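Read through the structure below, which is laid out as C-alpha cells, and then see the notes.
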Amino acid sequence: MKKILIIFSSILMLSITACKKDYLETKPSNAVPLSDILGKVNAIYAALDGAVQAQFAFASNGITRHDNFGQKAWDLSMDLMGNDMVVHSQGYGWFNASYNYTEFSVATSGRQSSNAWYFYYDIIKQANAIYLNTDNVTDASQQQKDVLKGQALGLRAYAYYYLINLFQQTYKGNETKPGVPIYTELTTEGKPRGTVQEVYDQIISDLSNAETLLNGKPRAGKQYIDVSVVRGFRARVALLMEDWPTAANYANLAKQGYTLMTAAQYPATNAFSSLSNSEWMWGSLIPEDQATIYASFWSHMDIRTGGYAALGGQKKITKSLYDQIAATDVRKTVFRTPGTGTSTNPDYNQLKHEVPVAGSWAGDYLYMRASEMYLIQAEALARQGQDGPASAMLNSLITVRDPAYDASGLTGSALLDEILKQRRIELWGEGFSLIDVKRLKQGLNRPSGPGNHGAPNYNPSVYTTPAEDPKFLMRIPQAELDNNAALTPADQNP
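Going letter by letter, the sequence shown gives residues 9 to 502 in the working numbering.
If you want it as C-alpha cells, here you go:
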C-alpha cells in the first residue's frame, strides 16, 4: 500500500549539507523523535520548541537550496508575485522564478511547491503529535496541558491557512473546489483533497478550540502562539471568507495590549528584525548561532549583510506605490530616495527589512504585527458601510506614521480604496501581496516603465493576469501524487 509522503518521513533532525563554507551547519533542530514525546512534560515542550524552530529552518525536506528557509521564503515568494515589489537585476537568480510566475508550476522535488508542501505538513504532523499525546503526560498541570494543546492547534491552523492559500484560489466563490488533504491524526494512510470549505472549517475549529485553551494563559515569548495570535489568524481567515463582522471583532481583540511603533522607531534597523518590538505579535526568535546566512530572508533583502541582495537581487518598491506615500509619512524613508541611488543601493531599494547590525546575519523573523489588525478592522468596518468607524480606525494607525494624515472625509468606495492602498504601503514586504491579489479578484496588474517593473530592472515577463489565474496556484508535488493512493493525476492543479 502506498504511504503518504508527508507522514512517512521520520520526525528527526535533518542533516545539513554544507554550502560554500560551513555557514549553514547551525540549522536549528526542528523535530523530536515520537518515542520521546510520550511521557514527560519536558519532552512535550521540547517537541513544541522543535515545531516552533521549524518555521525558520534551512533545508526542510533535506533540500539545501537557498530559497528554502521556512516561512519567510514563502512570504518573499508571495510578495514577488504581487504588484508592488521589483527585482533590480538578475543577480544570482534566487526567487526570480517566483517573480516571473514560473516557479509555482514546477511539481518536481526540491522546488518551492514540493518544499512548501513538506514544510507545512511536517508542522501539521508535529502539531498532531503534540496535541494527541499531551493528555497522556502525567507530570503536567492542567494549565500546561491547555497551553501545549492550544499552541499545537494554533500551529496546525497556521499551516493549513498557508496550504489552502498556496494550493487553491481564495475562499469566496471557490468553497467546493478541491483544497488539500486534512490530517488530524498520525497516520500512514493518504487522504484525498478536502474541499476548500472543509479546510476552512478545520482551520476555524482549530482556532476556536485554541482560543478557549489559551485565553488568559501566559506565553514564554513571542515565538510562541498565544491567544492574541490565534485571534489574529481568526481575523485573517474571516477577511478571506468575507465574514466582515467576525473580521472586525477578532482584529480588535487581537491588537489589544500591543503598542504601535512611533515615527522614530519605524525606520530603525531593528524595527522589522527584532522580536522585542512592541508592535510585533508573533515571530521567530533566531539566535545568532542559528542564523542561516546566505539561505535566509536577510540575505535576500538586506544589502548590508553582503548576501544576495547586495549581489544584484535587490528588492525595490515600485515608483507607482512610492509616489503615493506622502512626503510627511515616515514610511517613505524606508525606501531609497530616487536620485540618490548607487550601484549596490539603487533608487527605490527597500531599507525596511534590515538586520539590527550591519554586517551581521542575526535578525528575527516577523509573522504578525498589530498594524495588520488595524487594517483588517478598518476594511471590515468599511465593507459593512460603517464609514465613520472605519476612517477613524485607519486614522488611528496612519497618523502615527504621518501626523498630517486624515481620512475622515472619505466614504464608500473611495474610503475602501484608501484602506487597501494603506495596506499595501504598511505591509510591504511582509508576505501579503499574492493572497490579497487572489482575494480581491482583480488579477495581477503590475505598473511598468521607469522605476516600475521591467527595463532597466529585471524583466518579470508577466505583467497582467485575469482574476483566479491558474498561475497563482502551486502544483501538488509529483512525489505526493505518486505516493498517496487517495490521489490521482486528475487531482493536480491546472
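Think of the CB as a built atom: it goes at the ideal place given N, C-alpha and C, for glycine as much as any other residue.
Values in this document were obtained by computation on a predicted structure and should not be read as measured data.
Cβ-Cβ distances below 8 angstroms link G320 to H96, S97, Q98, G99 and Y100 in the same chain, with the five nearest sequence neighbours on each side left out; the list follows chain order. Distance from the Cα of Q151 is smallest, within the candidate group T203, A105 and T220, for T220.
One thing to note: Y373 has its Cβ within 8 angstroms of the Cβ of F64. In the three-state reduction of the DSSP assignment, F280 falls in the coil class, being assigned neither a helical nor a strand state. Looking at the backbone, the Cα of T146 and that of W82 are separated by about 38 angstroms. For Q205, the CB contacts under 7 angstroms within the same chain, skipping 5 residues up- and downstream, are E183 and T184 in chain order. Contact check for G162 against V238 passes: the beta carbons are separated by less than 8 angstroms.
Approximately 5 angstroms separates the beta-carbon atoms of I71 and G118; this is inside 8 angstroms, confirming the contact. Spatial neighbours of T270 in its own chain (CB-CB distance under 8 angstroms, excluding positions within 5 residues in sequence) are listed in chain order as V408. Pairing D444 with Q450, the inter-Cα distance amounts to about 9 angstroms. In the three-state DSSP reduction, T196 falls in the coil class, being neither helix nor strand. Secondary structure remark: continuous alpha helix (DSSP H) runs of at least 4 residues inside the segment 60-123, in chain order: 79-88 and 104-107.
T326 places its beta carbon less than 8 angstroms from that of N460.
Sorting T496, L495, A272 and L156 by C-alpha distance to the C-alpha of P226 places L156 at the top. Assignment of alpha helix (DSSP H) within the segment 400-447, counting only whole runs of 4 or more residues, yields 420-434 in chain order. Counting along the chain, no alpha helix (DSSP H) covers S304, and no H or E run does either. Under the DSSP assignment, K327 falls in the alpha helix (DSSP H) whose first and last residues are K327 to Y330.
Each residue's CA atom was taken as its position, placing Q210 and R164 some 9 angstroms apart.
With fewer than 16 other Cβ atoms inside 10 Å of its own Cβ, E193 counts as exposed. Here the segment 429-439 makes contact with the segment 378-386; the two share three or more CB pairs at distances below 8 angstroms. Straight across, the Cα-Cα distance linking K48 with A148 is about 8 angstroms. About 13 angstroms separates the Cβ atoms of M89 and K323, ruling out a contact at the 8 angstroms cut-off. Beyond the five residues adjoining it in sequence on each side, E387 comes within less than 6 angstroms, by CB distance, of I427 in the same chain, given in chain order. Within the model, the alpha-carbon separation for D154 versus I294 is close to 26 angstroms.
Going by C-alpha positions, A299 is about 31 angstroms away from T348. With fewer than 16 neighbouring CB atoms inside 10 Å of its own CB, G396 falls in the exposed class. The alpha-carbon separation between Q177 and R201 amounts to approximately 14 angstroms. Less than 8 angstroms divides the Cβ of N453 from the Cβ of N91. Taking a cut-off of 8 angstroms on C-beta distances, the segment 338-345 touches the segment 273-287, as three or more cross pairs fall below it. The alpha-carbon of A51 is positioned some 30 angstroms away from that of N285. With a threshold of 16 other beta carbon atoms within 10 Å, D143 falls short and is exposed. Residues of the same chain with a CB within less than 8 angstroms of the CB of P502, apart from the 5 flanking positions on each side, are P478 and L481 in chain order. Apart from the 5 residues on each side of it in sequence, S456 sits with its Cβ closer than 8 angstroms to the Cβ of G462 and Y471 in its chain, given in chain order.
Here the alpha carbon of K180 sits roughly 11 angstroms from the alpha carbon of E476. A Cβ-Cβ distance of about 4 angstroms is found for the pair S106 and S85, placing them in contact under the 8 angstroms criterion.
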